[in-house]
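Reading through the structure tokens given below for one structure.
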Amino acid sequence: MLNTQLKRLAWYKCLFIFILFVFNTACKMPVETVAPLTVESPSGNNILVFFTNEEGEVGYTVAHSGKVVIDSSYLSFDFKDMDAIKSGLEVSNSSSKSVTETWEMPWGEQRKVKNNFNELTVDLKEQEGLERKLTVIFRVYDDGLGFRYHFPNQPNMKEVIITDENTQFNLTGDHKVWWIPGDWDIYEHLYNETKFSEIDAISKRNHPNLAQTYIPENAVNTPVTMKTDDGLYLSFHEANLTDYSGMTLKVNTETLGMESELVGSEITGYKVKRNTPFSTPWRTIQIADKAGDLIESRLIVNLNEPNKLGDVSWFKPTKYVGIWWEMHLGKSTWDMASGKHGATTENAKAFIDFAAANNIGAVLVEGWNTGWEHWIGFEDREGVFDFVTPYEDYDLKEVVRYGKEKGVEIIMHHETSAAPRTYEQQLDTAYKLMENLGMHAVKTGYVGKIIPKGEYHHGQWMVNHYRKVLETAAKHKVAVNAHEPIKPTGIRRTLPNAISREGLRGQEFNAWSVEGGNPPSHLPTVAFTRMLAGPIDYTPGIFNIKLNPWKENSQVNTTLAQQLALYVVIYGPVQMAADLPENYEGNAAFQFIRDVGVDWEESKVLNGEVGDYVTIARRERNTHKWFIGSITDENPRELTVDLSFLDNGQSYTATIYADAADAHWDDNPTAYEITSKTVTSKDKLDLKLAPGGGAAISLVPVAR
């Protein structure tokens, strides 16, 4: 059997190289002047071919199971005050290696991660002129590939000012795409589901509910996920975004191609400025035969460097409650001037009492510090916030002391109002305060247009700011949950105090959106798009679906059962029980939130289709408990869950929190039922999900 598979893979490889030759010739493209270089994944299912043509241009092509999935795509750079690196290149050297290793996540979706790839390194040199050098490194995995550029130290290229990176991803068909626009300032757009040829990011400008937005091109942000006509799944993103600008992908709807479009700066006029030697982020393509394989892939974290912080046991994955949702409802406010200030000592202690009574480890307090009267709507927000001075009705030290007495951590909150220079001036002081108080987690925010004007949230300047915050926080044993962030690119492997990020259209849009909130298809899409990048702070757990009496014209567009399922489906090491405590009191469904884990030994995707539905099972670390979450879009769905992943010979008590027979995300969202039964690995569970509904299941081993 093995010999047959090896023969088939060798045949695929030969066929692919032949296809590449024929394709280039048939399309009247310049044919390679040297033999192409190939690298395949460990199993041989993915093959990448690197080539040069007679003009000295370089490119690559990718095949999966013998079929081309990325057509000939070219690689080049444009620079300020320097000729482009595009043509006249030759291969001066190439080398290959294979790596198989296993590393451990200090926290995450699974404890042990296998990192197995084959690598091809290609050294390029200009044949004439400045004879500049450029290296391209390809790593090919069974679940996709990544490649990056390296600019070595060289006499004719000391300072590099990049005006454009021209990395192409040419598709083989008009795929179905789930995308958000290539906004340089925010990711809080709803996902669109269209054919590639129908992508129109420009029409998404001037969104009424976004504090900042800038969409200069018909481009998409990453991760962007696609499905081919023959059922293959592709997702494009980047890994290890370090001292570089974030990448959007400019689309050509006629040629069905994408090209990197880096986020720029109106202040400098360029995209990236670096000194050699340096490496770019990895450009990544996840390739999967099943949609769920995209979620199970660890490609993004594998392409990052190992943990540089060592022991981070001072951070504990946790559930939390807090003074937050009540502001979005209008029950209270962040500032004191309104007379409805939420962050009072009394209110914080009430949340601490609730957390302590319900197996919830932390309390977030927003609006505790001075400056909220001038944080938004003002052009000049420099110096507005003080990150160490509380309002007079909030005794920070007393709240922290009371929390420790009750066994509850306090999560700090730093809203910068998109004035990062003000924040940087206080970073050491603010984090030293946290360290002295024994506070180990902070939620940061960057609402508004970046000051100085002309910089954007996703440009190199801000990428470096977010990194500085992480590195400073690490020195003081602080973990960072960033909102209005740069997208996750797997840095959590290297700096595991990068615990979570927003970076998507979150739960708060359900409280104040003029467009009706997040539709039922939103989260079944997020699971296969944004979640591929890294952990999400989505703030699930809203039980008061209709938001009465606070927001009569707004609501959450899911059932209550789906809100429970989100604790398993949407991964994050900090998970908020976001609703007001009074909405949980006396509700039997709250038991699932009390019980559900937040840190996982392993995770399995049991079924799913992008934008439609998904079911995920996760085993809690240091216990043998499993939890399952299943969610659907606006369509009702019947799913069968195979429990064969459970330990053989072990019985489990399955507690099932499901939609009632008449449940509906709009008509009857809070109708649910709880049932219990004993199951083993030989059993299957039949689930009936209501429109916009879900199911949450706890599986607890029965003592033998």
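Counting from 1 along the sequence shown, just add 84 to a position and that's the residue number in the numbering used here.
Cβ atoms here follow ideal geometry from the backbone N, Cα and C, with glycine treated the same way.
Across the structure, Thr-251 and Ser-344 are spaced so that their CA atoms are roughly 5 angstroms apart. At a Cβ-Cβ threshold of 9 angstroms, Gln-646 and Leu-607 count as neighbours. By the neighbour-count definition (other C-beta atoms within 10 Å, threshold 16), Leu-730 is a buried residue. Straight across, the Cα-Cα distance linking Leu-218 with Ser-171 is about 12 angstroms. The beta carbon of Lys-561 sits closer than 7 angstroms to those of Trp-398, Glu-519, His-524, all from its chain and outside the five residues before and after it, given in chain order. Rounded to the nearest whole angstrom, the CA to CA distance from Lys-334 to Asn-391 is 33 angstroms. Short of 7 angstroms from the beta carbon of Ile-444, and not among the five residues preceding or following it, lie these beta carbons of its own chain, in chain order: Lys-403, Tyr-404, Val-405, Ala-661. For Glu-185, the uninterrupted beta strand (DSSP E) run begins and ends at 173-188, by DSSP. Here the alpha carbons of Glu-389 and Asp-395 stand approximately 16 angstroms from one another. Checking the DSSP bridge columns, you'll see Asn-637 has no partner listed. Ile-781: member of the beta strand (DSSP E) spanning 778-785, first to last residue. Contact check for Tyr-507 against His-497 fails: the beta carbons are separated by 9 angstroms or more.
Here His-259 carries a coil assignment [DSSP, helix/strand/coil].
Going by C-alpha positions, Arg-614 is about 14 angstroms away from Glu-380. Cβ contact annotation for Ile-351 (same chain, cutoff 7 angstroms, sequence separation greater than five): Pro-536, Gly-538, Glu-539, in chain order. Distance from the CA atom of Thr-528 to the CA atom of Ile-495, rounded to whole angstroms, is 10 angstroms. For His-458, the three-state secondary structure derived from DSSP is helix.
Beta-bridge pairing by DSSP links Trp-684 to Glu-704. Contact between Val-698 and Ile-712 does not hold, since their C-beta atoms are separated by about 11 angstroms, which reaches or exceeds 8 angstroms. The Cβ atoms of Lys-433 and Gly-426 do not sit closer than 9 angstroms to each other.
Taking Met-310 as the centre and dropping the five residues before and after it, the same chain places the C-beta of His-259, Val-261, Leu-318 closer than 6 angstroms to its C-beta, in chain order. Note on geometry: alpha-carbon atoms of Val-356 and Tyr-328 lie some 6 angstroms from one another.
Counting the other CB atoms within 10 Å of its CB gives Gly-778 a total of 16 or more, which places it among the buried residues.
In this structure, the beta-carbon distance from Ala-323 to Pro-365 falls below 9 angstroms.
Annotated three-state conformation of Gln-510 is helix, per DSSP. The alpha-carbon separation between Phe-320 and Asp-226 amounts to approximately 15 angstroms. With respect to Glu-586, His-412 sits apart: the two C-beta atoms are not nearer than 9 angstroms. When DSSP reads this structure, Val-335 sits in a beta bridge with Met-342. Sequence-distant partners of Gly-656 (beyond 5 residues in either direction) whose C-beta falls short of 6 angstroms from its own C-beta, in its chain, are Ser-584, Pro-619, Ile-620, Asp-621. Cβ-Cβ separation between Gly-143 and Ser-157: approximately 5 angstroms, consistent with a contact (criterion under 8 angstroms). Every unbroken stretch of the beta strand (DSSP E) spanning 3 or more residues and falling wholly within the segment 534-609 is given here in chain order: 563-566, 582-585. Annotated three-state conformation of Tyr-651 is helix, per DSSP. For Arg-289, no beta strand (DSSP E) run applies, since DSSP gives it neither H nor E.
Around the beta-carbon of Arg-703, 16 or more other beta-carbon atoms lie within 10 Å, marking it buried. DSSP places His-412 in the helix class (H, G or I) of the three-state scheme. Between Asn-671 and Val-725, the gap from beta carbon to beta carbon reaches 9 angstroms or more.
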